[in-house]
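Quick notes on the structure that follows.
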Amino acid sequence: MADVNIHSLKALAIFKTLFEAGTASQAARTLGITQSGVSRSLAQLEENLGIQLFLREKNRLLATPEARELYEEILRLMGNIEELRHSVLALKEFGTSRLRIAAVPGLSFGFVPRLVATLLGENRQFSVSLDMMSSHEVQLAVESSHADIGFVTLPITSRVLRVEPWFTSEALCLMPQAHPLAAQERIDVQDLRDQHLVISNQPSISTNPLLELVARHRVQIAGKTEANIGTITALVANHVGITVMNPITAQDQLAPRDGVEMRPFSPAMEFSFGLAYRDDWKQARVLDFLRERGRSLLATYPGTVLDESLG
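Quick note: the sequence shown uses our numbering, first residue -14, plus one each step.
Structural data, given as structure tokens:
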């Protein structure tokens, strides 16, 4: 495309809608234009680019590899435009740029909010947004520039992100104070026999690690309740069952009045977390601050092992 002007930008917007819709008729309905207008725009875009974006097969359009690459570039462009919009608004309102954080649920109930509080305590000029999402969604948000930094569950792999391992923790077993297992100093996987388990219903490529563990050890449980990670400790406190979970999440959610006991669990189930950001994110001072304060905060959580990157 020799020149980028209002017409070429409009053609790219039509292409994005067409790529997502899959048919010219659906794209036309979404955009509120005629189907012939969509087809003309696509033909003109292909001519200007000198590449074929779709293969025509009856009433369907099959995206070429070049179309997929162009679509990804448009998404990155939209992320940059959104980043610019937020920066302008923040500069107008706060006199500085906005820090956008995405974090996995396991760290979003206490640890990350406490980290944000220390950051704002030092520098109120920051405008901070915090979104809770799955680790995969956090990765996509940072890769697409919709978030500046992301707290993720490790391991992850990315060609465009730097990923700093921060810490590893061992799971604890949680149960009501009146539960028979509360009398034990340590809970073994065999102790879960005939128990009702409360487990996370977060989507995962594999099955739930706790269910995998009991199956591997041939432990027959009485049943299970699947719940959002934000309600698991409350279900345990209300005697629905017992659970095995990340101790940081448990400590952040529980209060003394909940009457929940935490015990070491074997065999060890480890959870590792880290910080992800783009190579081109230049806020080195903010990163140094987060590392330093993160190290201090993690010292208040028993059973966490810091990675060397945090000292």
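Where a beta carbon is used, it is the ideal one built from N, C-alpha and C, also for glycine. Since the model is a prediction, treat every value here as computed from it, not as a measurement.
Item: Residues near K77 in its chain [Cβ-Cβ closer than 8 Å; skip 5 each side]; Value: Legend: pLDDT at K77 = 47, less than 50; position of this residue unreliable, value from coordinates given subsequently. Hits under 8 Å: none found.
Item: Endpoints, alpha helix (DSSP H) assigned at D237; Value: 232 to 238
Item: Residues of its chain near N231, where Cβ-Cβ distance is below 7 Å and the 5 sequence neighbours each way are ignored; Value: G91, S154, A156, F256
Item: 8 Å Cβ cutoff met for V225 and L159; Value: no
Item: V290 beta carbon less than 8 Å from that of F152; Value: yes
Item: Neighbourhood of G95 by C-beta, 6 Å cutoff - its chain only, sequence neighbours within 5 removed; Value: D237
Item: Extent of the continuous alpha helix (DSSP H) to which V23 belongs; Value: 20 to 34
Item: As assigned by DSSP and simplified to three states, the class of D116; Value: strand
Item: I206 in three-state terms, based on DSSP; Value: coil
Item: Distance CB(V89)-CB(V123) smaller than 8 Å; Value: yes
Item: Simplified DSSP assignment, three categories, for D173; Value: strand
Item: Close-in-space but distant-in-sequence residues of the same chain around V137 (CB under 8 Å, 5 per side omitted); Value: V89, S120, V123, Q124, V148, F258, G259, L260, A261
Item: Secondary structure of I217, DSSP reduced to three states; Value: helix
Item: Local conformation of T81 per DSSP, three classes; Value: Residue confidence is low: T81 scores 40 on pLDDT, short of 50, so the model does not pin down where it sits. Its coordinate-derived value is still stated next. DSSP places T81 in coil when its eight states are reduced to three.
Item: Sheet register partners of F39 (DSSP bridge); Value: A48
Item: Cβ contact check for the stretch -1 to 9 and the stretch 21 to 39: 3 or more pairs under 8 Å; Value: yes
Item: Buried or exposed by the 16-neighbour rule on C-beta atoms within 10 Å, applied to A269; Value: exposed
Item: Alpha-carbon spacing of L55 relative to S130, whole angstroms; Value: 17 Å
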